[in-house]
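Worksheet for the structure shown next.
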Amino acid sequence: EITDPEIRRKTPVLLTNKRWIRTFEVITQSQGIPRRHELDPTPMIAIMWPIFYGILFADLAHGLLLMCFGLLFKFKGQGTLSRWGMLIAMSGGSAAVGGLFTGEFFGFHLTEFAIFESLLHEGGALHSISWLVGVISVAELTFEQVIIILKVSIFLGIVHLVWAFVLRIRTYIKEGNKAALFFEAIPNLIMYFGIVAVMMAAIGSSYDIMNIYSRTHTEAVPWITILVGDWAVVWIVSRIAIVVVIGSIVMMIIGGILHNKKHPEEGGDMASVMMEVLLGKTVEGLSHTISYARIGIMLLVHAALLLTVNNAYVQLGGIGSPGALAIIIGGNLGIMLIEGLIVYIQALRLHLYEFFTKWYDGGSIPFKKLVPEMIYNKLVWKEKSFSR
């Protein structure tokens with residue numbers, strides 16, 4: 004067992020993931036190889052990336068086309084290009100599944116196509132899953148649909164961020180850093196729960212922020228009332244939450260002061276601690292949660308663009324008009340190319356800036372095998388027995 008921290012830091016790390024998880028190592032490597040005491044984030048990316056991309060780019064037809072495009076690179080490309088091709092293919096597959104949930108096929112509802120209608124209708128081969136089609140509908144872009152989509156996005160963001168905070172707690176436990184554990188990581192997680200509770204209470208009060216603590220606000224708090232009981236109404240939850248947030252802030256400020264006394268060489272002072280906790284931790288928790296609304300917003304943008312293209316196609320005469328065909332084909336290709344890239348950037352951003360920054364450092368030296376990775380050739384070692 005290596006005990007010298009400097010030697011441990013320089014010890015190469017080899018990622019050993021299963022084959023389908025290995026596809027997402029290209030994202031992990033963009034942030035650096037995990038240190039020895041850190042968990043490899045690749046399996047977590049393998050769970051959340053398809054969910055994010057599937058909602059951001061939810062369309063059955065676009066997803067299937069993107070998957071085929073990725074598989075082309077996977078089997079025809081070499082080395083890094085092949086790995087990226089598999090990532091594109093898996094992203095396309097998740098978008099196709101997301102398209103099933105939204106019920107979209109090139110922006111049209113699945114039931115508008117005779118083949119899908121027959122499959123989903125009673126007695127059809129896919130009737131058993133017909134209830135899934137359009138469960139997150141964007142067909143009409145009504146206010147209710149928009150709110151549901153944004154709720155799903157924020158919920159995913161809360162789960163993702165809480166996961167990151169828990170992983171940071173685990174990291175400090177592994178390091179034996181009790182001061183950071185009890186005065187930074189745990190209070191930060193508790194404060195985040197308080198911030199979420201205040202946000203939910205604000206929604207429950209119909210955004211009556213100034214009077215949110217008034218006893219007149221006896222409305223239910225979204226999610227919280229369902230989880231803890233009918234007593235959790237707006238005015239009670241908001242009062243408890245603000246006490247929790249203030250208490251957590253005080254704990255983190257104390258932790259910052261103790262850290263500065265222990266490490267005076269870093270030049271920290273009381274003002275910097277206050278700024279970091281009040282503006283850094285508190286505002287960051289709120290802004291990063293809201294940042295996940297981009298998942299729903301991009302889905303709505305995707306649906307709105309396809310709706311515009313499809314309306315133009317119908318107005319120009321449909322399938323019998325060359326102009327209409329040019330609009331529908333060119334529009335879909337343009338949306339796929341441009342928005343497919345934008346969606347990739349957004350999904351990557353949610354991992355690198357919202358998730359990784361909470362707990363992950365990376366920066367280890369990657370382990371290099373004696374036999375280098377071959378691009379055009381492959382070495383296979385075989386044992387051969389000789390008979391006497």
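Here the sequence shown is numbered in this note's numbering, starting from 4 and rising by one per residue. Note that the Cβ used here is the ideal one computed from N, Cα and C, for glycine as well. If you're wondering where the values come from, they're calculated on a predicted model, not measured in any experiment.
Here's a check: name, in chain order, each residue in its chain whose Cβ is nearer than 6 Å to the Cβ of residue i, leaving out the five neighbours to either side.
i, result
"residue 67", "99"
"residue 58", "101, 298, 302"
"residue 95", "66, 69, 70, 73"
"residue 114", "120"
"residue 192", "168"
"residue 170", "362"
With H, G and I counted as helix, E and B as strand and the rest as coil, what does DSSP make of residue i?
i, result
"residue 136", "coil"
"residue 369", "strand"
"residue 130", "helix"
"residue 262", "helix"
"residue 107", "strand"
"residue 141", "coil"
"residue 404", "The structure shown does not extend to residue 404, since the chain is modelled only from 4 to 391, so the question has no answer here."
Take residue i and list the residues in its own chain whose beta-carbon comes closer than 7 Å to its own, dropping the five residues that flank it on each side.
i, result
"residue 183", "175"
"residue 17", "370"
"residue 92", "70, 73, 74, 77"
"residue 258", "182, 186, 187"
"residue 289", "198"
Would you call the CB atoms of residue i and residue j closer than 9 Å?
i, j, result
"residue 34", "residue 369", "no"
"residue 334", "residue 312", "yes"
"residue 52", "residue 97", "yes"
"residue 327", "residue 320", "yes"
"residue 39", "residue 364", "no"
"residue 231", "residue 204", "no"
Could you give the first and the last residue of the continuous alpha helix (DSSP H) run that contains residue i?
i, result
"residue 313", "296-318"
"residue 3", "Limits of the chain in this structure are 4 at one end and 391 at the other, which puts residue 3 out of reach."
"residue 156", "146-178"
"residue 226", "From DSSP, residue 226 is part of no alpha helix (DSSP H); its letter is neither H nor E."
"residue 278", "273-278"
"residue 354", "Segment: none, residue 354 is in no alpha helix (DSSP H) and carries neither H nor E."
"residue 188", "Careful: residue 188 lies outside any alpha helix (DSSP H) and carries neither H nor E."
"residue 65", "63-79"
"residue 215", "No alpha helix (DSSP H) contains residue 215, which DSSP labels as neither H nor E."
"residue 56", "45-59"
"residue 209", "Note, residue 209: premise wrong, no alpha helix (DSSP H); not H, not E."
"residue 123", "117-123"
Of the residues the options, which one's Cα is nearest the Cα of residue i?
i, options, result
"residue 135", "128, 106, 141", "106"
"residue 336", "272, 318, 352, 308", "308"
"residue 179", "230, 351, 41, 54", "41"
"residue 256", "282, 242, 231", "282"
"residue 109", "48, 351, 331", "331"
Just to confirm, does residue i get its C-beta within under 8 Å of one of the non-hydrogen atoms of the ligand SAM?
i, result
"residue 157", "This structure lacks the ligand SAM, and indeed carries no ligand of any kind."
Give me, in chain order, the residues of the same chain whose beta-carbon lies closer than 8 Å to that of residue i; leave out the 5 immediate sequence neighbours on both sides.
i, result
"residue 221", "236, 237, 238"
"residue 285", "194, 198, 248, 252"
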